[in-house]
Amino acid sequence: MNEQNFNNGMNGGPGMPPPPPQGYMNMNGGPGMPPPPPQGYMNMNGGPGMPPPPPQGYMNMNGGPGMPPPPPQGYMNMNARPPQRRNPAVSPNRFRMFGIPVLVYAIICAACLYSNWSSILSAVLSIVSIVFISTCMVRYEKNIGADREAMTTGAALSKQSILIPYYILVFMMSVALSLTDEGYIIFGCNVGIIATEMYAVMTYFNDTEKQGIFKGIFSFFEMFFGSIGYVNMPFADRKAEREITGKKRNSKLMYILLGCVIALPILVIVLNLLSSADPVFAKVIKDIFGKLFFSWDIVKIVLFAAVIFLFVYGFIVKAGRRDLGANAPKEGQYNAVTGITITIVLTAFYLIFAVVQIVYLFMNSAGLPDDMTYAEYARQGFFQLLFVAVVNVCMVLIFSAIFRKSLVLNVSLLMMCICTYIMIASSAVRLSMYIAEYDLTYLRINTIWALIVTSIVMLGVIISLFWRNMPLFRYIFMTVLVMFTLYAFIRPGAVITRYNISQAHDGNKVDLEYVMDIGNDGVPYLIDYFRAKDITPEMVMEEVMSKYSEDTYYWRDDTVGERLEKMLEENDDKGYIRSFNFSRYRASKTIEDYIK
Numbered sequence: 009m010n011e012q013n014f015n016n017g018m019n020g021g022p023g024m025p026p027p028p029p030q031g032y033m034n035m036n037g038g039p040g041m042p043p044p045p046p047q048g049y050m051n052m053n054g055g056p057g058m059p060p061p062p063p064q065g066y067m068n069m070n071g072g073p074g075m076p077p078p079p080p081q082g083y084m085n086m087n088a089r090p091p092q093r094r095n096p097a098v099s100p101n102r103f104r105m106f107g108i109p110v111l112v113y114a115i116i117c118a119a120c121l122y123s124n125w126s127s128i129l130s131a132v133l134s135i136v137s138i139v140f141i142s143t144c145m146v147r148y149e150k151n152i153g154a155d156r157e158a159m160t161t162g163a164a165l166s167k168q169s170i171l172i173p174y175y176i177l178v179f180m181m182s183v184a185l186s187l188t189d190e191g192y193i194i195f196g197c198n199v200g201i202i203a204t205e206m207y208a209v210m211t212y213f214n215d216t217e218k219q220g221i222f223k224g225i226f227s228f229f230e231m232f233f234g235s236i237g238y239v240n241m242p243f244a245d246r247k248a249e250r251e252i253t254g255k256k257r258n259s260k261l262m263y264i265l266l267g268c269v270i271a272l273p274i275l276v277i278v279l280n281l282l283s284s285a286d287p288v289f290a291k292v293i294k295d296i297f298g299k300l301f302f303s304w305d306i307v308k309i310v311l312f313a314a315v316i317f318l319f320v321y322g323f324i325v326k327a328g329r330r331d332l333g334a335n336a337p338k339e340g341q342y343n344a345v346t347g348i349t350i351t352i353v354l355t356a357f358y359l360i361f362a363v364v365q366i367v368y369l370f371m372n373s374a375g376l377p378d379d380m381t382y383a384e385y386a387r388q389g390f391f392q393l394l395f396v397a398v399v400n401v402c403m404v405l406i407f408s409a410i411f412r413k414s415l416v417l418n419v420s421l422l423m424m425c426i427c428t429y430i431m432i433a434s435s436a437v438r439l440s441m442y443i444a445e446y447d448l449t450y451l452r453i454n455t456i457w458a459l460i461v462t463s464i465v466m467l468g469v470i471i472s473l474f475w476r477n478m479p480l481f482r483y484i485f486m487t488v489l490v491m492f493t494l495y496a497f498i499r500p501g502a503v504i505t506r507y508n509i510s511q512a513h514d515g516n517k518v519d520l521e522y523v524m525d526i527g528n529d530g531v532p533y534l535i536d537y538f539r540a541k542d543i544t545p546e547m548v549m550e551e552v553m554s555k556y557s558e559d560t561y562y563w564r565d566d567t568v569g570e571r572l573e574k575m576l577e578e579n580d581d582k583g584y585i586r587s588f589n590f591s592r593y594r595a596s597k598t599i600e601d602y603i604k
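Under the numbering used here, the first residue of the sequence shown carries the number 9, and numbering increases by one thereafter.
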């Protein structure tokens, strides 16, 4: 380096270069220049520069800044095989938080529900389910949270206030289960309970406030099938937890559960032997548990609990991802002209039909064909009209979702809805006249319920045409379930029996075979009819049918008492404690009093 390039101090003349940094030595042991900077570092002018300073906090032996320590033992070099990437859905903490609670909940569900879908235990289980859901949400918020920030217990519980209507609905449906013995009502209430619990969790973890019909349906099925897709997660989470902790969990509860599983088959064998030795002991066990321990159903309960455990755990995994509806089809993608054309064509004929209903059916001011009476005209077509009304509701929902918003489209859809209301009214008038002539059946009373529900749903659909942010899916979901819950409480079988028997006067007869097949819900009204007609348990059913029934054909050779005793035996087989049901209990007591 040329010394002319260096200036001295105050006079600006030539001077000596600055001394080299302390600590660098030349070959002769004197002070020397520092080594060149490593390749790849540039100064501000584009030339070679100094490397960046070491990370703050590292010190060399002399107390100055130094290099960071070497990595801990166990890290692999560049040529080693990279570690396996874990599934991002796997969480070792999740199994620690939810593994045991979900397992206990699954066992309780299996013990309450197996071959026992309509008892007082359904109401008990609904309370357990509400507490379980609430507890899981609190644990989730306290440990993970929506924004990865922990919540206090009070804040987590306060956040669940939006779920209170769903909790009430779940409890009411479970109470209805203990009051009826109607098969399709039992099925509908159980499905409704599961669906409501699922939707409550969906509402908590996802924004469902503005969900349209398509996104709501898509999200619901995504939640259900997504939960099934995560049935392997309990094992993956448990494996991840063991990898982190490096040891197995020392849980006494796991050993207790293992002991219960081993004890179950032994218990079945021992109870059967003891029951065969002592009939009184057998009756006590049967009254409490039914035939549960007199067969290998206990093994099926274990399998049932395993299925519940896997699904509920997968449901927790899916709910925590908060990604429902992300891939749902977008609404309003198609040109509204197509929808307007279809709607106007259909509505034109609907208007003609509506005028005919008003003139001929409602007002009865125009003449009918010579070969048809007013009663004949009115007593047909109500099923077809209900079907068309439901199709119209679906059509309005689809058109308002897939087509771009248009005032003309909305007005044409509104006209279709008005015509649909006229169809619903026409169907209701025809059905009422038909029932007055031919009594009630399950199909007819179900049609009445469907007409009412369709009318309420249609009202929400009309509102959604002009209120874009209406939560339409939630409205339809809650309308259907609330109306079904009310329907379950009125017990349609009891209504049918009571109404049909009340019409058996002035020479009219009741269809006894149909009424007796209704089951426990109608038994009290049936027994009252038998007593009013002096029908005794010893009378042969064929004789009773020929004298009092509208349908006189009867192929079985049994008495009234024998027919009722079969129903009593079926109720006894289900047990009086585990399977206690108010409808079955009342029917059994009524039959016992009648036979005595």
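The beta-carbon is built from N, C-alpha and C at its ideal position, and this holds for glycine as well.
Since the structure is predicted, the reported quantities are computational estimates derived from the model, not experimental observations.
Check                                                                                                                    : Outcome
R506 beta carbon less than 7 Å from that of Y537                                                                         : no
Assigned secondary structure, S186 (DSSP; H/G/I helix, E/B strand, else coil)                                            : coil
Cβ neighbours of L319 in the same chain (closer than 8 Å, five flanking residues each side left out)                     : The amino acid occupying residue 319 in the given sequence is Phe; Leu does not appear at that position. Taken in chain order, the residues that qualify are S235, I236 and V239.
Own chain, CB closer than 6 Å to Y122, minus 5 neighbours either side, in chain order                                    : I309 and F312
Buried/exposed call for G82, threshold 16 Cβ in 10 Å                                                                     : Caution is warranted here: a pLDDT of 49 is assigned to G82, below 50, making its placement in the model unreliable, and the coordinate value is therefore given only provisionally. It counts as exposed.
For A271, the nearest candidate out of Y429, I306, M231 and T253 (CA to CA)                                              : I306
Cβ shell of Y483 (< 7 Å), same chain only, five flanking positions each side left out                                    : G468
Top-ranked residue by Cα proximity to F390, from M441, L279 and Q341                                                     : M441
Three-state secondary structure assigned by DSSP to Y342                                                                 : strand
Where the alpha helix (DSSP H) through E551 begins and ends                                                              : M549 to Y556
Three-state class that DSSP yields for T455 in the structure shown                                                       : helix
Touching by the beta-carbon criterion (3+ pairs, under 8 Å), the segment 488-503 and the segment 175-193                 : yes
Own chain residues within Cβ distance below 6 Å of M181, not counting five before or after                               : C197, G200, I201 and T493
Residue burial classification, D286 (beta-carbon count within 10 angstroms, cutoff 16)                                   : exposed
Range of the contiguous alpha helix (DSSP H) that encloses T544                                                          : Run containing T544: none; DSSP gives neither H nor E here.
Residue of I172, A314 and S284 minimising C-alpha distance to V112                                                       : A314
Cut-off 6 Å between Cβ atoms - residues of its own chain near G347, not counting five sequence neighbours on either side : F407, F411 and L417
Opening and closing residue of the alpha helix (DSSP H) in which T505 lies                                               : P500 to S510
Where N528 falls, given that 16 or more other Cβ within 10 Å makes a residue buried                                      : buried
Given I316 as reference, the closest of P109, D566, E550 and G569 once Cα atoms are compared                             : P109
Beta-bridge pairing of V518 - partner residues as DSSP gives them                                                        : S557
CB contact flag (N151, M206, <7 Å)                                                                                       : no
Rounded straight-line distance, which links the Cα of I170 to that of M210                                               : 12 Å
Segment limits, alpha helix (DSSP H) that includes E217                                                                  : First-last for E217: undefined, no H or E at that position.
Boundaries (first-last residue) of the alpha helix (DSSP H) holding M403                                                 : F390 to I410
Whole-angstrom distance between N214 and L332, CA atom to CA atom                                                        : 7 Å
Straight-line gap, W457 to F395 (C-alpha atoms, nearest Å)                                                               : 13 Å
Beta-carbon proximity of S596 to L576, cut-off 7 Å                                                                       : yes
8 Å contact criterion, which A131 and E149 should meet: CB distance rounded                                              : That belief does not hold up - the Cβ atoms of A131 and E149 are roughly 28 Å apart, past 8 Å.
Cut-off 7 Å between Cβ atoms - residues of its own chain near G220, not counting five sequence neighbours on either side : E339, A409, L480 and F481
Opening and closing residue of the alpha helix (DSSP H) in which T253 lies                                               : M241 to T253
Opposing strand residues paired with T567 [DSSP bridges]                                                                 : V548
Residue closest to V490, alpha-carbon to alpha-carbon, out of F226, S137 and Y175                                        : Y175
Limits of the alpha helix (DSSP H) - the one that G162 falls within                                                      : T161 to K167
Residue from V401, D447 and L439 with nearest C-alpha to T428                                                            : V401
M9 classed as buried or exposed, judged by whether at least 16 other C-beta atoms fall within 10 angstroms               : Annotation note: pLDDT 45 at M9 (below 50); position unreliable, no value reported.
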